[in-house]
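Q: Numbering of the sequence shown is given in the working numbering, commencing with residue 912 and proceeding in unit increments. Even for Gly, the Cβ is constructed at its ideal location relative to N, Cα and C.
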Amino acid sequence: MGSARRVAIIGGGAWGLALATAAAAACGEGEVVLFSRRDHASDTPRGVRVVHDLAEAARHARLIVLAVPTAACRTVARALGDHIDGSHYVVHGVRGLEGEDLATVSEIVRDETPSHRTGALGGPALAQDLAAGRPSVLVTGSRFPEVNEAVVGAFGSPTLRVYPTRDLLGLEWASALVGCLTLAVGYAQALKMSPGLVAALISRAIGEASRIAAAAGGEEKTLLGLAGYGDLLASIAQAERPEILVGAALAKGLPRAEAVKASGLRVEAVELIPRVSHWAEARGVRAPIFRALASGVVEGRKADAILLELMTLPVELDA
912 MGSARRVAII
922 GGGAWGLALA
932 TAAAAACGEG
942 EVVLFSRRDH
952 ASDTPRGVRV
962 VHDLAEAARH
972 ARLIVLAVPT
982 AACRTVARAL
992 GDHIDGSHYV
1002 VHGVRGLEGE
1012 DLATVSEIVR
1022 DETPSHRTGA
1032 LGGPALAQDL
1042 AAGRPSVLVT
1052 GSRFPEVNEA
1062 VVGAFGSPTL
1072 RVYPTRDLLG
1082 LEWASALVGC
1092 LTLAVGYAQA
1102 LKMSPGLVAA
1112 LISRAIGEAS
1122 RIAAAAGGEE
1132 KTLLGLAGYG
1142 DLLASIAQAE
1152 RPEILVGAAL
1162 AKGLPRAEAV
1172 KASGLRVEAV
1182 ELIPRVSHWA
1192 EARGVRAPIF
1202 RALASGVVEG
1212 RKADAILLEL
1222 MTLPVELDA
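Next up, the structure:
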């Protein structure tokens, strides 16, 4: 497979292009391939080679990064499984969980491919920041130190700091849950909630997310670091973050479909919020913020009703 710094990105959307750009900046020209079904004649990142054959992508690199929507992950992983073996590291940068049981993408990869050395990317980095080369931070998670080392080597650069964690499950749940809670921040900001109330919402939301992640088998402390608190705090100033745009649009009364369309990108959180709420309720995990968000996103309740519910949560239980 040649150089240990080589990386193959699977997925030609905005996030895949951004990750390919970041990897090319760290690894150098010729070390990064981007598998995509699209024609990228006008937007191929510098130093990145676009391929349209999964087998070619798998031959190029040991480190493979999935950057596709959650709904496509199983199909893509199954197809990828025909071209890789146990020597490959498969990492993903997906903010979603699959189905009603909320399977993580690393679980999907282990189900559908021969690779068991899996990992994930998370943290507060935005696609537009990575694409523009602006200073950013990512978190890489894997139970295998060699996977984290490969990711740090492939993406770490003077403008991108990559922090490793062994809590893969906690990172995957943190990324998914924070994506949902970022929508709540956009919702709150659009309603002109004071900075103090937004801070209270964030603090209580992270506490709730940490309970959910712990119930799933992750470590609560992961939610208190860059992958959780850091990611959600960054959303306050990330006005162009898709979840922020969707939350703001919902607060203004737009129907869900129109709110998602206004963001310009697929937002995993919209479909995930009600499933997380149901999952938590079925396991006896207190999740009043997710319940309030689910009623707003799915049932389309008015913004003032959602705000009232968020503001009247039992403080003694959720502060």
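So GLY1034 is in the alpha helix (DSSP H); what residue range does that whole segment cover?
A: Annotation: GLY1034 is outside any alpha helix (DSSP H) and is labelled neither H nor E by DSSP.
Q: Note the first and the last residue of the continuous beta strand (DSSP E) segment covering VAL1001.
A: 1000-1003
Q: Out of curiosity, what's the CA-to-CA distance linking ILE1200 and LEU1088?
A: So the alpha carbons of these two residues sit roughly 11 Å apart.
Q: Give the DSSP bridge partners of PHE946, in chain order.
A: Looking at the DSSP output, PHE946 shares a beta bridge with ILE921, VAL962.
Q: Check this for me: beta carbons of GLY1095 and ALA1191, under 9 Å apart or not?
A: The sequence shown places Ala at residue 1095, rather than the Gly named in the question. Taking 9 Å as the Cβ cut-off, ALA1095 and ALA1191 do not qualify as a contacting pair.
Q: By how many angstroms is the C-alpha of ASP1142 removed from the C-alpha of VAL1152?
A: Checking the sequence shown, residue 1152 turns out to be Arg, not Val. Each residue's Cα considered, the two are about 11 Å apart.
Q: What are the partner residues of THR1076, as DSSP defines its beta bridges?
A: In DSSP, THR1076 forms a bridge with GLY1052.
Q: Is it right to say ALA1230 is buried, meaning 16 or more other beta carbons lie within 10 angstroms of its own, or is it exposed?
A: The predicted position of ALA1230 is uncertain, since its pLDDT is 43 and thus under 50; a value taken from the coordinates is nonetheless stated next. It counts as exposed.
Q: Would GLU942 and ARG985 be called neighbours here (beta carbons separated by less than 9 Å)?
A: no
Q: Between the alpha carbons of VAL962 and ILE1113, how many angstroms are there, rounded?
A: 41 Å
Q: Since ALA1014 sits in a beta bridge, which residues does DSSP pair it with?
A: GLU1009
Q: For ILE1184, which of helix, strand or coil comes out of DSSP?
A: helix
Q: Whole angstroms is fine: what's the gap from GLN1100's alpha carbon to GLN1149's?
A: 12 Å
Q: Below 8 Å, can you find three or more Cβ-Cβ pairs linking the segment 1066-1080 to the segment 1107-1122?
A: no
Q: What is the rounded straight-line gap between the Cα of LEU945 and the Cα of ALA937?
A: 15 Å
Q: Could you give the DSSP three-state label for LEU1176: helix, strand or coil?
A: In this structure, LEU1176 counts as coil in the three-state DSSP scheme.
Q: If you draw a straight line from the alpha carbon of GLY1128 to that of GLU1179, how long is it in whole angstroms?
A: 21 Å
Q: Just how far apart, CA to CA, sit GLY879 and PRO1166?
A: Absent from the model: residue 879. The displayed extent of the chain is 912 to 1230, so no value can be given.
Q: Determine whether the beta carbon atoms of ALA978 and GLY924 lie at a separation below 9 Å.
A: yes
Q: Quick one: is GLU1169 buried, meaning 16 or more other Cβ sit within 10 Å of its Cβ, or exposed?
A: exposed
Q: Report buried or exposed for GLU1130, applying the criterion of at least 16 other Cβ atoms within 10 angstroms of its Cβ.
A: buried
Q: Which of helix, strand or coil does DSSP assign to ILE975?
A: strand
Q: What three-state label does DSSP hand LEU1135 in the structure shown?
A: coil
Q: Note down the Cα distance separating GLY1233 from ARG948, rounded to an integer number of angstroms.
A: Limits of the chain in this structure are 912 at one end and 1230 at the other, which puts residue 1233 out of reach.
Q: Among VAL1016, GLN1039, ALA1042, which one has its Cα closest to the Cα of LEU1032?
A: VAL1016
Q: Run through DSSP, which three-state label would SER1121 get?
A: helix
Q: Cα separation between ARG970 and GLY992?
A: 12 Å
Q: Is the distance from the Cβ of GLY1052 to the Cβ of GLY1067 below 9 Å?
A: Here GLY1052 is not near GLY1067, since their CB atoms are 9 Å or more apart.
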